[in-house]
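Everything below concerns the one structure shown next.
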Amino acid sequence: MTTNNGGLPRKSDVAVVGGGTAGLALATKLKRLGVGSVIVLERENDAGGIPRHCGHYPFGIREYGRLLKGPDYARRNVEAAVDAGVDIQTEVTVTALHPDGRLSLTTPAGKAELQAERVVLCTGAREASRPQRFIGGDRPLGVLSTGALQSMTYLQGMRPFRRPVIIGSELVSFSAIDTCRHLGIRPVAMIEENDRILARRLVQPYLMMRGVALFTKVKNLRILGRRQVEAIEFIDATGKQQSIEADGAIISGRFRPEATLLHLSHLEVDLGSGGPMIDQFGQCSDPSYYSAGNLLRPTETSGWCWQEGIETAKWLAEDLLRGQPTVVPSVRVQVVDRAIRFSVPQRLSISDRIGGMQKMQIGLNVPVRGYLEATSGGWSISNTWLNSRPIRRIQIRLAPIVQNCSKSPVELSIQRNK
Amino acid sequence: MPYTSSDNCYDVIIIGAGIVGCAIARQFTLGGARVMILEKALDVLDGASKGNSAILHTGFDAPPGSLEQKCLARGYAEYHKVALALGLPILKSGAMVLAWNEEQLAQLPALIKKAYKNGVHDVAMLSRDEILAREPHLSKSVLGGFEVPREFLIDPWASAHAYLLQAMANGAVLYRDTEVVSGQYDGQQWRLETNAGLVCAAQIINCAGLYGDIVEQRLIGECPFTVTPRKGQFVVFDKSAAALASSIILPVPTKTTKGIVVCRTIFGNLLLGPTAEDQQSRADASTDGSMLAHLRDKGIEMIPDLKECEVTAAYAGLRPATEFQDYQIRRIEGKNYTCVGGIRSTGLSAALGIACHVASLIATDEFSFQAIKDPIIPAPDRLSNYHSRDWEEPDNGGIVCHCELVTRREIEQVLNGPLPPSTLQGLKRRTRVCMGRCQGFYCTGELVKLTAGRFNLPMGLGHDDQ
Numbered sequence: 390m391t392t393n394n395g396g397l398p399r400k401s402d403v404a405v406v407g408g409g410t411a412g413l414a415l416a417t418k419l420k421r422l423g424v425g426s427v428i429v430l431e432r433e434n435d436a437g438g439i440p441r442h443c444g445h446y447p448f449g450i451r452e453y454g455r456l457l458k459g460p461d462y463a464r465r466n467v468e469a470a471v472d473a474g475v476d477i478q479t480e481v482t483v484t485a486l487h488p489d490g491r492l493s494l495t496t497p498a499g500k501a502e503l504q505a506e507r508v509v510l511c512t513g514a515r516e517a518s519r520p521q522r523f524i525g526g527d528r529p530l531g532v533l534s535t536g537a538l539q540s541m542t543y544l545q546g547m548r549p550f551r552r553p554v555i556i557g558s559e560l561v562s563f564s565a566i567d568t569c570r571h572l573g574i575r576p577v578a579m580i581e582e583n584d585r586i587l588a589r590r591l592v593q594p595y596l597m598m599r600g601v602a603l604f605t606k607v608k609n610l611r612i613l614g615r616r617q618v619e620a621i622e623f624i625d626a627t628g629k630q631q632s633i634e635a636d637g638a639i640i641s642g643r644f645r646p647e648a649t650l651l652h653l654s655h656l657e658v659d660l661g662s663g664g665p666m667i668d669q670f671g672q673c674s675d676p677s678y679y680s681a682g683n684l685l686r687p688t689e690t691s692g693w694c695w696q697e698g699i700e701t702a703k704w705l706a707e708d709l710l711r712g713q714p715t716v717v718p719s720v721r722v723q724v725v726d727r728a729i730r731f732s733v734p735q736r737l738s739i740s741d742r743i744g745g746m747q748k749m750q751i752g753l754n755v756p757v758r759g760y761l762e763a764t765s766g767g768w769s770i771s772n773t774w775l776n777s778r779p780i781r782r783i784q785i786r787l788a789p790i791v792q793n794c795s796k797s798p799v800e801l802s803i804q805r806n807k
Numbered sequence: 498m499p500y501t502s503s504d505n506c507y508d509v510i511i512i513g514a515g516i517v518g519c520a521i522a523r524q525f526t527l528g529g530a531r532v533m534i535l536e537k538a539l540d541v542l543d544g545a546s547k548g549n550s551a552i553l554h555t556g557f558d559a560p561p562g563s564l565e566q567k568c569l570a571r572g573y574a575e576y577h578k579v580a581l582a583l584g585l586p587i588l589k590s591g592a593m594v595l596a597w598n599e600e601q602l603a604q605l606p607a608l609i610k611k612a613y614k615n616g617v618h619d620v621a622m623l624s625r626d627e628i629l630a631r632e633p634h635l636s637k638s639v640l641g642g643f644e645v646p647r648e649f650l651i652d653p654w655a656s657a658h659a660y661l662l663q664a665m666a667n668g669a670v671l672y673r674d675t676e677v678v679s680g681q682y683d684g685q686q687w688r689l690e691t692n693a694g695l696v697c698a699a700q701i702i703n704c705a706g707l708y709g710d711i712v713e714q715r716l717i718g719e720c721p722f723t724v725t726p727r728k729g730q731f732v733v734f735d736k737s738a739a740a741l742a743s744s745i746i747l748p749v750p751t752k753t754t755k756g757i758v759v760c761r762t763i764f765g766n767l768l769l770g771p772t773a774e775d776q777q778s779r780a781d782a783s784t785d786g787s788m789l790a791h792l793r794d795k796g797i798e799m800i801p802d803l804k805e806c807e808v809t810a811a812y813a814g815l816r817p818a819t820e821f822q823d824y825q826i827r828r829i830e831g832k833n834y835t836c837v838g839g840i841r842s843t844g845l846s847a848a849l850g851i852a853c854h855v856a857s858l859i860a861t862d863e864f865s866f867q868a869i870k871d872p873i874i875p876a877p878d879r880l881s882n883y884h885s886r887d888w889e890e891p892d893n894g895g896i897v898c899h900c901e902l903v904t905r906r907e908i909e910q911v912l913n914g915p916l917p918p919s920t921l922q923g924l925k926r927r928t929r930v931c932m933g934r935c936q937g938f939y940c941t942g943e944l945v946k947l948t949a950g951r952f953n954l955p956m957g958l959g960h961d962d963q
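Sequence order for the protein chains is L and P. In terms of the working numbering, the first sequence is residues 390 to 807. In terms of the working numbering, the second sequence is residues 498 to 963.
Quick look at the structure:
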């Protein structure tokens, strides 16, 4: 341990882990609500999070009433936090979460510690890597996630390839096309394993406009090349072996929470969302810990995370006024249908505490047409018509579930033939 | 590279800077010889030594009486000494050989007998209950097994780098990107023609691994063995999976392979592999998506909780197998040429033993030197998750790779050190950047900046103004 704790305070009312959109919005709001000391621990050189290298529109309409590019938006979030009196500490990595709000840290000066009344985890999300997707082949240079591509191009002005293939077809995959154009890189194809693009269909014509060929329902994807990528091989929808000449591959999308700290900690994790198990106030299994932003689930827009930060700040500020964190009785929300991937929250606290989330977020594994039903103790307490797909934003009203759940768990399932 | 002439002749030229070449370079340099190492690839450890299971084996299951077994036993003992002297991390995890069906169960007594023959006397039978008590995450379908207490986890790259760095610190010379094209022996000296020029030495040691037979053909004209690379694919799970197995979980081996191993790595991950796939190509270390998925399923059969763990990485290694089961180490009398070939899967554990063996083969009255007194000890890469790391210490410059907690100081020290990497792969092996769960999502931008102008294979094709 360094004698001066790496230049950091040893105590704080609230410590926010992660200075991205949610963390900054939450910290700023806490200060505006009169919370004493709020520290944001950011491991990068600059706070701001993912928008720092999203050099495109649209950011900030709801928050600042103007159309901003990612880096400008990130800067504004940082400025707002500093103006409000938030202590932003960069180049600080949290290495372990301990019970009751104690954090192990490391700084450029060495190890440090911090004890907070409440900790908020806002560590965000990242894209699934190539090995996580079991994409075989060689391991040449030129295989990057969209995030890595953006940090290379926007932050360093470097061009990793000239004619890449984009693997994946989510909104971020389309945003990768824009990132490429910024440096005169021309993606040659978009490749998707599903039978259609995962982003909304209305963006599909954009591919044709940019001269990017689309292949869906592909199998046996392989990346080939000795030093730099030389080709992408796959079996196309008709069963034909295809080989596309390319000098790079962008592995895009399939976001997952950046939750390793969580996995190695005492906190309960929800395997469906990949994030922490929280109640309707964003509180984790250890009541000293809260969470907000894309760590909760993959993945939402910056505007959403900003709003989530603001809301969570309000509940947290009220909780702080009550003093010591306390464990209150709660019921689990259980997913009992394979079509459903996760719900957030995963737990409902039963107390006289008012407020909390108005909506429950749902993620799907497969396309669904049917009623999403919540039952508790054998009683149906909520029914919502769904016609949706994986990776889409789905919300159902939480109030009827909270009000009507008995002491037994809430079970979520899909009723397909009602 | 400077041309070496007859009057500027090295004592030994080692062809190939894999784990075996590095260990031999250290052996001869510390023994007092002037050593030159030639590596065909852009960086060292780029062939068979690139991917292995990072275990220090006792050699309990090696064929008794084989050269492999002898080198393993010697290498194992040497490693403990050298690791201590060079500050290399070593973690005792122990191993268990487990039987999952009746047929395998029936083979256990023979394996234990073999271990005894190989001088590994502390193996002990374990009941199913004992196994499950020690490894509670194992599938309940395990039937029985035995333990091999003295198997260790080591850092396969730091070891080889440390051997090479010590050789270099004490006078050895390394040339990378230097391929031996042909060579002549004039009765006294070897003259090797390389793509970078002519070099001269009294002795040649062929440690070319996957290309060992080709190098021998170029130098001697023929080679009694043919390398048929055996590919092994591996899946690496994230650090939270390391809690699922504390010992090295070994299967009952077959003739061609030790089978699929589950073990922690010294870097704090969980490793699963290798497959054993014979192939012709000596360069194709590609992975196969369906094979990786199959491997993961195999792992889940053994440790069901693995299905909840994130995959961090996948890679393949090539083992220089030949048509012979044993190592192909022999000296051609009158040619001052030694071949160290067919080191098919135990090279990491045996390397230091192989080096001792080769030294004893070559030592003659004309070829004897004064061993270096108090050789220089270089600082090793300190990348073990189970030992202290740079990020815990003051003035580390901050963390660049968040998944593996690699500091700016570590990266700069390696880039400015005596054995700087010439590729991103090389930097990964020396520091673990990009080896973690995000695979470069977070640190690529920063790494591009830090490594600008440093690599033979740069990470970017250039700036937007170029």
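The C-beta atom is built at its ideal place from N, Cα and C for all residues, glycine as well.
Bridge partner(s) assigned by DSSP for residue i
i	result
P:Gln-760	Here residue 760 of chain P turns out to be Cys, not Gln, going by the sequence shown. In the DSSP output, where bridge partners are listed per residue, P:Cys-760 has P:Leu-768.
L:Tyr-760	L:Trp-774, L:Gln-804
L:Trp-768	L:Ser-765
P:Thr-691	P:Val-677, P:Gly-694
P:Thr-904	P:Ile-896
Residue i versus residue j: straight-line alpha-carbon distance, rounded
i	j	result
P:Val-617	L:Ala-565	57 angstroms
L:Ile-699	P:Arg-841	60 angstroms
L:Pro-553	L:Glu-800	45 angstroms
L:Thr-484	P:Glu-890	14 angstroms
L:Pro-779	P:Gly-544	42 angstroms
L:Ala-463	L:Gly-642	21 angstroms
P:Pro-586	P:Asp-652	7 angstroms
P:Gln-685	P:Ile-510	14 angstroms
L:Gly-767	P:Glu-632	39 angstroms
L:Thr-496	L:Ser-677	23 angstroms
L:Ile-621	P:Glu-807	25 angstroms
L:Pro-576	L:Ala-602	9 angstroms
Under 9 angstroms from the C-beta of residue i: neighbouring residues of chain L
i	result
P:Lys-637	Correct list: empty, because the minimum Cβ distance to chain L is about 21 angstroms.
P:Asp-735	Thr-649, His-652
Contacts of residue i in chain P (Cβ-Cβ under 7 angstroms)
i	result
L:Arg-616	Leu-954
Under 8 angstroms from the C-beta of residue i: neighbouring residues of chain P
i	result
L:Glu-506	Residues of chain P passing the Cβ test: none, with the nearest at roughly 26 angstroms.
L:Arg-491	Within chain P, no residue comes near L:Arg-491; the closest Cβ sits about 17 angstroms away, beyond 8 angstroms.
Residue i: contacting residues in chain L (beta-carbon distance under 8 angstroms)
i	result
P:Thr-762	The contacting residues do not exist; P:Thr-762 stays about 15 angstroms from chain L at best.
P:Phe-649	Ordered by position in chain L, no residue passes the 8 angstroms Cβ test against P:Phe-649, which lies about 24 angstroms from the chain.
P:Phe-938	Arg-515, Glu-516, Ser-518, Ser-534, Gly-536, Ala-537
P:Gly-957	Met-541, Gln-545, Met-547, Arg-548, Pro-549
Interface partners of residue i on chain P, CB under 9 angstroms
i	result
L:Leu-544	Gly-942, Glu-943, Val-945, Lys-946
L:Gly-499	Trp-888, Glu-889, Glu-890, Pro-891, Asp-892, Asn-893
Residue i: first and last residue of the uninterrupted alpha helix (DSSP H) it sits in
i	result
P:Cys-568	564-583
L:Tyr-595	594-598
Extent of the continuous beta strand (DSSP E) to which residue i belongs
i	result
P:Thr-809	808-816
Residue-level contact to chain A via CB, residue i, 8 angstroms cutoff
i	result
L:Asp-726	Checking the listed chains, one finds no chain A in this structure; the protein chains it contains are L and P.
Review point. What residues from the region 871-902 of chain P come within 8 angstroms of chain L, judged by C-beta to C-beta, listed N to C?
Key: Answer in chain order: Trp-888, Glu-889, Glu-890, Pro-891, Asp-892, Asn-893, Gly-894, Gly-895, Ile-896, His-899, Cys-900, Leu-902.
Check your understanding: Using a beta-carbon distance cut-off of less than 8 angstroms, what residues from the region 801-826 of chain P approach chain L?
Key -> Result list: Glu-805, Glu-807, Val-808, Thr-809, Ala-810, Ala-811, Tyr-812.
Exercise for review: Please name the residues in the region 522-551 of chain P whose beta-carbon is closer than 9 angstroms to at least one beta-carbon of chain L, in chain order.
Suggested key: Hits within the stretch, in order: Leu-539.
Check your understanding: Just by C-beta distance, which residues in the region 766-791 of chain P are closer than 9 angstroms to chain L?
Key -> Within the region 766-791 of chain P, the residues whose Cβ lies closer than 9 angstroms to some Cβ of chain L are Ala-780, Asp-781, Ala-782, Ser-783, Thr-784, Asp-785, Gly-786, Ser-787, Met-788, Leu-789, Ala-790, listed in chain order.
Practice item. For the region 648-673 of chain L, enumerate the residues whose C-beta is nearer than 7 angstroms to any C-beta of chain P, in chain order. Key: Residues Thr-649, His-652, Leu-653, Leu-660.
Practice item. Mind checking the region 703-717 of chain P against chain L and listing, in chain order, the residues whose C-beta falls within less than 7 angstroms of any C-beta there? Key: Only those residues of the region 703-717 of chain P whose C-beta falls short of 7 angstroms from the nearest C-beta of chain L would be listed, and there are none.
**Study point:** Positions along the region 505-525 of chain L whose CB lies within less than 7 angstroms of some CB in chain P
**Key:** Along the region 505-525 of chain L, the positions whose C-beta sits under 7 angstroms from a C-beta of chain P are Arg-515, Glu-516, Ser-518, Arg-519, Pro-520, Gln-521, Phe-523, Ile-524, Gly-525, read in chain order.
Review point. When you check each C-beta in the region 537-566 of chain L against every C-beta of chain P, which residues fall closer than 9 angstroms?
Key: Among the residues of the region 537-566 of chain L, those with a Cβ less than 9 angstroms away from any Cβ of chain P are Ala-537, Leu-538, Gln-539, Ser-540, Met-541, Thr-542, Tyr-543, Leu-544, Gln-545, Gly-546, Met-547, Arg-548, Pro-549, Phe-550, Arg-551, in the order of the chain.
Check your understanding: When Cβ atoms are compared, which residues of the region 906-936 of chain P fall closer than 7 angstroms to chain L?
Key -> Listed by position, the residues of the region 906-936 of chain P near chain L (Cβ gap below 7 angstroms) are Leu-921, Arg-934, Cys-935, Gln-936.
Check your understanding: Any residues in the region 470-483 of chain L with a beta carbon nearer than 8 angstroms to a beta carbon of chain P? Which ones, in chain order?
Key -> Answer set for the region 470-483 of chain L: Glu-480, Thr-482.
Exercise for review: Residues of the region 394-415 of chain L with a CB closer than 7 angstroms to any CB of chain P: list them in chain order, please.
Suggested key: Along the region 394-415 of chain L, none of the residues has a CB nearer than 7 angstroms to a CB of chain P.
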